[in-house]
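Participant:
2 protein chains.
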Amino acid sequence: MRGPADVATVGVVGGGQLGRMLGLAGVAMGLRMRFLDPAGDAAPAGAVGRVIRGEFSDERMLLEFIRGCDAVTYEFENVPVAAARTAADRVRVAPTPDVLEVAQDRLLEKRYFQSLGIPTGVFEPVGSPEELRGAAERIGVPAVLKTRRLGYDGKGQFVLRSPGDAEAAWAAVGGLPSILEAFVAFDREVSVIAVRGEGGEMDFYPLAENVHRAGILRRSAAPARASEGVRRRAEDAARRVMEGFGYVGVLTIEFFEAGGVLLANEMAPRVHNSGHWTIDGARTSQFENHLRAVLGWPLGPCGLSGGPCEMVNLIGTRADAAMVRKVLALGGRWHWYGKEPRDGRKVGHVTLVGDDAAARAAQVEAIVGA
Amino acid sequence: MRGPADVATVGVVGGGQLGRMLGLAGVAMGLRMRFLDPAGDAAPAGAVGRVIRGEFSDERMLLEFIRGCDAVTYEFENVPVAAARTAADRVRVAPTPDVLEVAQDRLLEKRYFQSLGIPTGVFEPVGSPEELRGAAERIGVPAVLKTRRLGYDGKGQFVLRSPGDAEAAWAAVGGLPSILEAFVAFDREVSVIAVRGEGGEMDFYPLAENVHRAGILRRSAAPARASEGVRRRAEDAARRVMEGFGYVGVLTIEFFEAGGVLLANEMAPRVHNSGHWTIDGARTSQFENHLRAVLGWPLGPCGLSGGPCEMVNLIGTRADAAMVRKVLALGGRWHWYGKEPRDGRKVGHVTLVGDDAAARAAQVEAIVGA
C-alpha cells in the first residue's frame, strides 16, 4: 500500500493501447498507474496515468520511473533486457526479465519451445544470402524469412517463392540475422492466453481463433473452433513455458493448427491483442488478471461471461460519430485508443458477445472497413 | 467528433467517484473526459481526465469548462440550476437542467411524483417549529424531518419521536425549510435505474434492493426480491418521470416497499450508488449507458451478464493489500476510488456475481468491516 488513497502504484514500461487498457483495469481497482514512453502524455496511456517521457534504454530515466512503484511490468516485449534486470534489482518486476531475452529473438524462442517438447514449424537460422539459399533449398518454398529480432505486425518479413529469391529477400530484411520458416498451410491460427500467479496457480482463457491480414491481426473469435485435444495441448504448452520461467503475469502463445497438429509460432510475455475480447466477454479481463498477478494478488476466473465473442480490430480507421452509432446499434462494444489514425495502425477494436457474434462481426467489418 | 484521435469530449460537473467511473467507461470508448470540481486534479476523477478546479456556481469557470465539450453532464444533482441553464444555452447538456430544479428540493420532488400519479409516503412541508409540531400531530410519530435542499447520506435529517421534539428537531436541521415525512415501516428499499436515449428509447436495469445504515447505502442486491408487479410499477414510475422531462441519460428512483405498496422516496438524475453492480454484473454498465445517452448514441442492453449481484460499499475503510487479497480470493471485484478514508466516506465498493453472491457478500462485509 502506498498510502490510504491508493491501493498500490504500478509502473508499465510502454504507454500504448495495451498500457491504456491495463490502466483502465488498474484505476478501477484503485491502482496509481505510471507509464514510461517516448511519447509522454500524448501516448494512449496518458488518459489513465502519468506518462514519463523517456526512451526504454535510458537507464537513468528507468530508475526514476520505477521509484515508488510497488511493481513494474511492460506492455511489449522489446524492453532492453539489461534495463529490465536493473529494474528487477530494485523493485518487483513481472514477468521475469529472463523471458524477454527469449521472446525478443525468434531463434531462441523457437529453440526454447523445442527444448520443452512444444512442436514448432520447420525453420533454420540464416546469416547470409548464401545460407538463406541453402536453407530455402532444404526447407522448400514458399518459405518465410523473418528477422530474429524486432519483428511485429508483419514487419521484417519476406516470402520466398524460390531459392533464387535469396538475394532480394536478404536485402528486404536489411541483412539482419534471421530465420527461414517453412510455409505452414494452416487450417487456422489460434492463441492461448494464460495467466500465472505468484503462488504458481494458473488459469487459461478460452482459445482464440485469429485472422491476420498483411501480418496484422484483423479479427479474433473466442472460443476457437478447436478440438478438446488442441485446447489441451495449447494450454499444456503455456503451462510448460510459464513453469519453465517461474512466470508471473499473462502470457500469450500463438499457434498454427494444421490437420490437428498444433505448431507454436511465437509468444508474447504480456497481454495480447487476441485477448481484447476478455474486457467484454470474460469474467475477468486479461488486463485485470495481469495486474493481479504482477501484484501477487489472487487471480480472477478466465471463463466466458456471456456466450461466444468476436473482436474486430480497427486498423487505420477514421471513425466518426455516425460509425460509432452504427456499431453500437449492432450491439458492438466500441473501444478507441485515442491515437491518430494512420495506415496499418491499430486505433481501436469492437467486441461482440453472444450466439450471433460472428454474423454481427461481419456487419461491423463492413461498417468500419476492416 | 473532436478530431481523429478522440471520439468526442464530454464534460462532467463534479469529479468524485461517480465522475471517475463515468471516466473509466468514457476513456474505454475513446472519449476525452473533462471534469469540474473544487478539488482539482486531486479529485477521484483526476485519474481519468483533466479536472478543472472551480466552484460549480462560478459562471465564468463553467463557461471555460464547457468550451470544446460535445456534451456536458453532472455526477450529482446539486449543480446550480442557473449555471446548468447557462451551459445548456451553449452546448448539449443532459439530463435537462429542468430536472435539477425538482431533484434538488424534496418538496417539489414529492409533489412531482404525485402529479404523475406515483405514490409517495405521507408528508407535509414545514417552515417553523410551530408548523412542525402541528404536522407531527397530524402525521403521527415517529416521523422524519428532512431539509428540502442539500440533504444526502442522512445529513440534514432528524427523527421525531414525539410532537414535543419539534423545537429540538427544528434546531437540528438548522431552521431550514423542510418536510416532515411519516415514518414508513418498509419491508425493503428498492431502486430502479433507468436510461432514456435521445430518441425516447428506454431501458431498465433489474431492480436493486438496498440496505442503508445511518442514512448511507451499505449494500445493494440485484435483482431485488420483488414481485413482477412491484418491478413493473417501479419501471412505470421511471418511465413517467423520464417522459415528463424529455429526459436523456440515467435516472434513479428510490422506493420503499411496504406490504406490496411501492412509495417513491427520492430520485437522482444521474448514475447512482445502487447501480455500481452494473460495472461487473450487467451487459452494459450504468456509466457507459449514461454516456451513450448523453452523446445521443444507441443504448446497450441493461440485463444481467452472469447471475445475481451483490454490492458492498466500503465506507471509511482503510484498505491494505491483505484486505484486497482476501476480497479477491472470495471472488469479489475490488473497486477503489483513490480517496483518503474518513468516517462515513465512501471510498470503494466490492461486487460479487453469481448464485452464491449473497453469502459471499456477507463474508466480504466481515473482511472490510462494513
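Residue numbers (numbering that gives the first Met the number 0), protein chains in the order written: chain A, 0 to 369; chain B, 0 to 369. C-beta: ideal position from N, C-alpha, C; glycine also. These numbers were taken from a predicted model, which means no experiment stands behind them.
(1) Identify which residue in B:V352, B:L206 and B:S56 has its Cα closest to the Cα of S273 (chain B).
(2) CB E123 (chain A) to CB L179 (chain A), shorter than 7 Å?
(3) Any C-beta of chain A within less than 7 Å: which residues of the stretch 25-40 of chain B qualify?
(4) Among B:K338, B:V352, B:G353 and B:A321, whose alpha-carbon lies nearest the alpha-carbon of V367 (chain B)?
(5) Output, in chain order, the set of chain B residues within a Cβ distance shorter than 8 Å of A7 (chain A).
(6) In three-state terms, what does DSSP make of V367 (chain B)?
(7) The stretch 341-356 of chain B: which residues have C-beta closer than 7 Å to a C-beta of chain A, in chain order?
(8) Would you call the CB atoms of V140 (chain A) and L115 (chain A) closer than 7 Å?
(9) Considering just the uninterrupted stretch of the alpha helix (DSSP H) at M241 (chain B), what are its terminal residues?
(10) Tell me, which residues are paired with F182 (chain A) by DSSP?
(11) If you draw a straight line from the C-alpha of G196 (chain A) to the C-alpha of A292 (chain A), how long is it?
(12) Taking the runs of the beta strand (DSSP E) that are 3 residues or longer, which of them lie wholly in the stretch 99-135 of chain B?
(13) Select from A:G133, A:Y111, A:V12 and A:F112 the residue whose C-alpha is nearest the C-alpha of A86 (chain A).
(14) Would you mind sorting A233 (chain A) into buried or exposed? The rule is 16 or more other CB atoms within 10 Å of its CB.
(15) To which residues does DSSP link H211 (chain A) through a beta bridge?
(16) I'd like to know if the stretch 296-314 of chain B and the stretch 347-355 of chain B are in contact, where contact means that at least 3 CB-CB pairs between them fall below 8 Å.
(17) Mind checking whether V270 (chain B) and L17 (chain B) have CB atoms under 7 Å apart?
(18) State the beta-bridge partners of Q156 (chain B) as determined by DSSP.
(19) In terms of alpha-carbon separation, which member of A:R230, A:E200, A:A184 and A:G22 lies closest to V142 (chain A)?
(20) Mind listing the chain B neighbours of P297 (chain A)? Cutoff is C-beta to C-beta under 7 Å, in chain order.
(21) Would you call the CB atoms of R84 (chain B) and A44 (chain B) closer than 7 Å?
(22) Output needed for G259 (chain A): all residues of its chain with C-beta closer than 8 Å, excluding positions within five of it in sequence on either side, in chain order.
(23) Considering Cα atoms alone, identify which of B:A168, B:A181, B:G295 and B:E242 is closest to G391 (chain B).
(24) Output yes or no for whether 7 Å exceeds the beta carbon distance between P268 (chain A) and P79 (chain A).
(25) Between the C-alpha atoms of V47 (chain B) and A213 (chain A), what's the straight-line distance to the nearest angstrom?
(26) Suppose you measure from the CA of A82 (chain B) to the CA of D88 (chain B); what does that come to, to the nearest Å?
(27) Have a look at Y336 (chain B) and G29 (chain A) and give me their C-alpha separation to the nearest angstrom.
(28) Below 7 Å between beta carbons: does that hold for L250 (chain A) and A237 (chain A)?
(29) Are any of the Cβ atoms in chain B nearer than 7 Å to that of S304 (chain A)?
(30) If you follow the beta strand (DSSP E) that V260 (chain A) is in, where does it begin and where does it stop?
(31) If you reduce the DSSP assignment to three classes, tell me which class G353 (chain B) lands in.
(32) From the beta carbon of E339 (chain B), is the nearest beta carbon of chain A less than 7 Å away?
(33) Going by CA-CA distance only, name the one from B:E287, B:I278, B:R324 and B:A318 that's closest to S304 (chain B).
(34) Hey, could you find the ends of the beta strand (DSSP E) F34 (chain A) is sitting in?
(35) Alpha carbon to alpha carbon, how far is P176 (chain A) from A125 (chain A)? Give it in angstroms, no decimals.
(36) What's the gap between the Cα of A135 (chain B) and the Cα of V363 (chain B)?
Facilitator: Working from what's here:
(1) Indexing the second sequence from 1 puts residue 273 (chain B) at position 274. If we check each option's Cα against that of S273 (chain B), B:L206 comes out closest.
(2) Position 124 of the first sequence, counted from the start, is the residue given in the question as residue 123 (chain A). Position 180 of the first sequence, counted from the start, is the residue given in the question as residue 179 (chain A). Yes, the Cβ-Cβ distance between E123 (chain A) and L179 (chain A) is below 7 Å.
(3) V26, A27, M28 and G29
(4) For the purposes of this step, residue 367 (chain B) is taken as the residue at position 368 of the second sequence. Per the Cα distances, B:A321.
(5) For this step, residue 7 (chain A) is matched to residue 8 along the first sequence. Those within 8 Å of A7 (chain A) in chain B are A320.
(6) Stepping through the second sequence from its first residue, residue 367 (chain B) is reached at position 368. Helix.
(7) G347
(8) Position 141 of the first sequence, counted from the start, is the residue given in the question as residue 140 (chain A). Position 116 of the first sequence, counted from the start, is the residue given in the question as residue 115 (chain A). No; because the gap between Cβ atoms is not below 7 Å, this pair is not in contact.
(9) Residue mapping note: residue 241 (chain B) aligns to position 242 of the second sequence, counting from 1. Segment E227 to F244, the alpha helix (DSSP H) holding M241 (chain B).
(10) Along the first sequence, one-based indexing puts residue 182 (chain A) at 183. DSSP, once it has assigned bridges, lists no residue as partnering F182 (chain A).
(11) Your numbering for residue 196 (chain A) matches position 197 in the first sequence. Your numbering for residue 292 (chain A) matches position 293 in the first sequence. Distance between the alpha carbons of G196 (chain A) and A292 (chain A): 5 Å.
(12) 122-125
(13) In the first sequence, residue 86 (chain A) corresponds to position 87, counting from 1. Here the closest residue by C-alpha is A:V12.
(14) The residue you call residue 233 (chain A) lines up with position 234 of the first sequence. Buried: at least 16 other Cβ atoms inside 10 Å.
(15) On the first sequence, position 212 is the one that residue 211 (chain A) refers to. BP columns for H211 (chain A) point to A:L216.
(16) yes
(17) Along the second sequence, read from residue 1 onward, the residue named residue 270 (chain B) stands at position 271. Along the second sequence, read from residue 1 onward, the residue named residue 17 (chain B) stands at position 18. Their beta carbons are under 7 Å apart, which means V270 (chain B) touches L17 (chain B) by this criterion.
(18) Taking the first residue of the second sequence as position 1, residue 156 (chain B) is located at position 157. DSSP output for Q156 (chain B) lists B:K145 as bridge partner(s).
(19) In the first sequence, the residue the question calls residue 142 (chain A) occupies position 143. It is worth fixing the name first, because residue 142 (chain A) is Ala in this sequence and not Val. Minimum Cα distance to A142 (chain A) is reached at A:A184.
(20) Working through the first sequence from its first residue, we reach residue 297 (chain A) at position 298. Going along chain B in sequence order, the residues near P297 (chain A) (Cβ under 7 Å) are R324, L327 and A328.
(21) Within the second sequence, numbered from 1, the residue matching residue 84 (chain B) stands at position 85. Within the second sequence, numbered from 1, the residue matching residue 44 (chain B) stands at position 45. Taking 7 Å as the Cβ cut-off, R84 (chain B) and A44 (chain B) do not qualify as a contacting pair.
(22) As a first step, residue 259 (chain A) is located in the first sequence; it is residue number 260 there, counting from the start. Excluding residues within five positions, the ones whose Cβ falls inside 8 Å are S226, G228 and V229.
(23) Here chain B covers residues 0 to 369 and nothing more, so residue 391 (chain B) does not appear.
(24) Within the first sequence, residue 268 (chain A) is the residue found at index 269, counting from 1. Within the first sequence, residue 79 (chain A) is the residue found at index 80, counting from 1. No, Cβ-Cβ distance for P268 (chain A) and P79 (chain A) is not below 7 Å.
(25) Along the second sequence, read from residue 1 onward, the residue named residue 47 (chain B) stands at position 48. Along the first sequence, read from residue 1 onward, the residue named residue 213 (chain A) stands at position 214. Distance between the alpha carbons of V47 (chain B) and A213 (chain A): 35 Å.
(26) Walking along the second sequence from the start, residue 82 (chain B) turns up at place 83. Walking along the second sequence from the start, residue 88 (chain B) turns up at place 89. Answer to the nearest angstrom: the Cα atoms are 10 Å apart.
(27) Counting from 1 along the second sequence, the entry for residue 336 (chain B) is found at position 337. Counting from 1 along the first sequence, the entry for residue 29 (chain A) is found at position 30. So the alpha carbons of these two residues sit roughly 6 Å apart.
(28) Locating residue 250 (chain A) in the first sequence gives position 251, counting from the first residue. Locating residue 237 (chain A) in the first sequence gives position 238, counting from the first residue. Result yes, Cβ atoms of L250 (chain A) and A237 (chain A) sit closer than 7 Å.
(29) For this step, residue 304 (chain A) is matched to residue 305 along the first sequence. Interface residue, yes.
(30) Here the question's residue 260 (chain A) lines up with position 261 in the first sequence. Per DSSP, V260 (chain A) belongs to the beta strand (DSSP E) from V260 to A267.
(31) The sequence position of residue 353 (chain B) within the second sequence is 354, counting from 1. It is coil, neither helix nor strand.
(32) Residue mapping note: residue 339 (chain B) aligns to position 340 of the second sequence, counting from 1. Yes, its Cβ sits closer than 7 Å to a Cβ of chain A.
(33) Residue numbering aside, residue 304 (chain B) sits at position 305 when the second sequence is read from its first letter. Among B:E287, B:I278, B:R324 and B:A318, the Cα nearest to that of S304 (chain B) is on B:I278.
(34) Locating residue 34 (chain A) in the first sequence gives position 35, where the first residue counts as 1. From DSSP, the beta strand (DSSP E) with F34 (chain A) extends over L30 to D36.
(35) Taking the first residue of the first sequence as 1, we reach residue 125 (chain A) at position 126. Taking the first residue of the first sequence as 1, we reach residue 176 (chain A) at position 177. Before going on, a small fix: residue 125 (chain A) reads as Val here, not Ala. Rounded to whole angstroms, V125 (chain A) to P176 (chain A) spans 6 Å at the Cα level.
(36) Taking the second sequence and counting its residues from 1, the one referred to as residue 135 (chain B) is at position 136. Taking the second sequence and counting its residues from 1, the one referred to as residue 363 (chain B) is at position 364. Going by the C-alpha atoms only, they are around 40 Å apart.
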